[in-house]
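The sequence shown finishes on residue 153 if you use our numbering, and the numbering steps up by one all the way, no holes. Where a beta carbon is used, it is the ideal one built from N, C-alpha and C, also for glycine. Everything on this sheet refers to the single structure shown next.
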Amino acid sequence: MQEITRAADNNRGIDDWDSQPLDPGSSLVHLNSNRQDTTSFEKIIHHTAFIYSRALSSPRIPFSSPLNQNSAKQIAHCLDDISNDAVWVQYPGILVWILLTAGAAAVHSPERSFFVVFLARVGTSAIANLWQGMSQTMMRFLALRKSEQKAVR
């Protein structure tokens, strides 16, 4: 499995990356969508981080902003890829972060129900083993959403 890293940190050429930042102060590098070897896992992490970093940027861009709709759609599409199932079993907290972030971004789109149902399935299967970690992740996310709502007012 490939890791998402800066072009300078690996052997990929500079042409493999879209170097336009999110905002003037951002250092997030975008995956070039023309690359043929980009995995669905890379796309999921990239788009989730893209949405999440916008919510933390200055000025803040709300999760539900129309600017995040394409990323939410890409995440939903890539989550259908079963090749990542072993990752989600081993790291369910990452999946919860992805589903919470994408679900918040998809408030006004059909993908919203997909993320909610997926999160419910993860939560149901995690109750026995992972409830404490999952509930901590959800509480952190809710705190971020509350601070986002206060900033918008």
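| query | Just how far apart, CA to CA, sit Val107 and Ala120? | reply | 16 Å
So Ile98 packs on Ile44, CB below 8 Å; how close in whole Å?
Rounded to whole angstroms, the Cβ separation of Ile98 and Ile44 is 6 Å, and the two are in contact under 8 Å.
Buried or exposed for Leu95, going by 16 or more other Cβ atoms inside 10 Å?
Buried is the label assigned to Leu95, since at least 16 other Cβ atoms lie within 10 Å of its Cβ.
Given Ser147 as reference, the closest of Ile75, Ser83, Leu56 and Ser135 once Cα atoms are compared: Leu56
* Assign Val107 to one of three DSSP states: helix, strand, or coil. => coil
(Q) Can you tell me where the alpha helix (DSSP H) holding Arg54 begins and where it ends? (A) Ser40 to Leu56
* Which one of Arg112, Lys150 and Ala104 has the shortest CA to CA distance from Met138? -> Ala104
The region 45-53 in contact with the region 62-76 per 3-pair CB rule at 8 Å: The region 45-53 makes contact with the region 62-76; the number of CB pairs closer than 8 Å reaches 3 or more.
Item to complete: State yes or no: is the C-beta of Phe63 within less than 7 Å of the C-beta of Leu100?
Response: With respect to the 7 Å criterion, Phe63 and Leu100 are not classified as neighbours on the basis of their beta carbons.
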